[in-house]
Amino acid sequence: MTVIAEKDRSTVRDLLARELVEDVELLLFKHGRAPSDVARLRDGGTGDETQELLEELSDLSDRLSLTSLDVGADPSLATRYNVTAVPTVMIRRRNGTTNLGDPSASARGDAAPETPAEPGTGVRFLGLPGGYEFSTLLADVVDVSKGRTDLSPETRAAVQAIERPVRIQVFVTPT
Amino acid sequence: MENSLIRADVIEANEFQDLSERYGVRSVPKTVINDRIEFVGSLPEAKLLEALQKAVSLDV
């Protein structure tokens, strides 16, 4: 089954080719076992669809890659990334230092603590980023790749001056 | 993205109904900042910044 329609596929491919500057990694947190195995995690039930969507998306650009992490197989990942629900999608610049490809690294205690300062990890999608949210995801991928947002210089300065933790939750539906 | 202290979760309201109920989501998009400030719909950039600053100032 194809999630991204053929006509959208070329549009998205063109957009990514035009806009992406630095390599971007999509991180998908899901779990393969029954939810009861990871009682603390909320399960939206769309892990497989999200996986498929992101696979198709990352196939549309060489600058885009997907890393899927099974928090059922390694619950410490949920703790490390403060993941409370699946599926959760994060976006960040791809760099050579990540050890995400080796889930056992954290179990051995040699994983570097996750730094929230890593570009892009501040934005997460809980649940399938489909429908209208797919556009939001694309826009965020582009921003992370460029390393900048479209905020005005004044707003950017004011936002950067905030010195306390802020948690924003935006509730959306796909339509 | 501009400040590592700021985290934003985009939550699919149908998939996570317990969260939607907890925050009384009746229409979308609904935004909640630090569990204190909330609004429905989108705000212009300056108003959103005000909301962020207000949420932070309440958070003592």
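In order, the protein sequences belong to chains F and U. Count along the first sequence from 1, then add 796; that gives the number in the working numbering. Count along the second sequence from 1, then add 56; that gives the number in the working numbering. Just so it is clear, CB atoms sit at the ideal spot from N, CA and C, and this is done for glycine as well.
Is it buried or exposed, Thr798/F, if we count other Cβ atoms within 10 angstroms and call 16 or more buried? Stepping through the first sequence from its first residue, residue 798/F is reached at position 2. Exposed: under 16 other Cβ atoms inside 10 Å.
Under the DSSP definition of a beta bridge, which residues are partnered with Asp65/U? As a first step, residue 65/U is located in the second sequence; it is residue number 9 there, counting from the start. Its beta-bridge partners are Arg920/F, Gln965/F.
Ile67/U versus Glu58/U: straight-line alpha-carbon distance, rounded: Counting from 1 along the second sequence, the entry for residue 67/U is found at position 11. Counting from 1 along the second sequence, the entry for residue 58/U is found at position 2. So the alpha carbons of these two residues sit roughly 20 Å apart.
Give me the Cα-Cα distance between Gly80/U and Phe967/F, rounded to the nearest whole angstrom. Position 24 of the second sequence, counted from the start, is the residue given in the question as residue 80/U. Position 171 of the first sequence, counted from the start, is the residue given in the question as residue 967/F. So the alpha carbons of these two residues sit roughly 10 Å apart.
The stretch 61 to 85 of chain U: positions lying closer than 8 Å to chain F by Cβ: Leu61, Ile62, Arg63, Ala64, Asp65, Val66, Ile67, Glu68, Ala69, Asn70, Glu71, Phe72, Asp74, Leu75, Ser76, Tyr79, Val81, Val84, Pro85
What are the uninterrupted segments assigned as alpha helix (DSSP H) that are 4 or more residues long and contained completely in the stretch 847 to 879 of chain F, given in chain order? 872 to 876
Using a Cβ-Cβ distance under 8 Å, would Gln847/F count as near chain U? Here the question's residue 847/F lines up with position 51 in the first sequence. Judged by the 8 Å Cβ criterion, Gln847/F is not in contact with chain U.
Figure out for me which residue from Pro949/F, Arg805/F, Asp946/F has the closest Cα to the Cα of Leu850/F. Locating residue 850/F in the first sequence gives position 54, where the first residue counts as 1. Comparing Cα-Cα distances from Leu850/F to each of Pro949/F, Arg805/F, Asp946/F, the minimum goes to Arg805/F.
Unbroken stretches of the beta strand (DSSP E), 3 residues or longer, contained in the stretch 73 to 111 of chain U: 86 to 89, 93 to 96
Would Gly918/F pass as an interface residue toward chain U - the criterion being a Cβ-Cβ separation below 8 Å? Numbered from 1 along the first sequence, position 122 holds the residue referred to as residue 918/F. Interface residue, yes.
Ala801/F - DSSP class collapsed to helix/strand/coil: In the first sequence, counting from the first residue as 1, residue 801/F sits at position 5. The answer is coil: DSSP assigns Ala801/F none of H, G, I, E or B.
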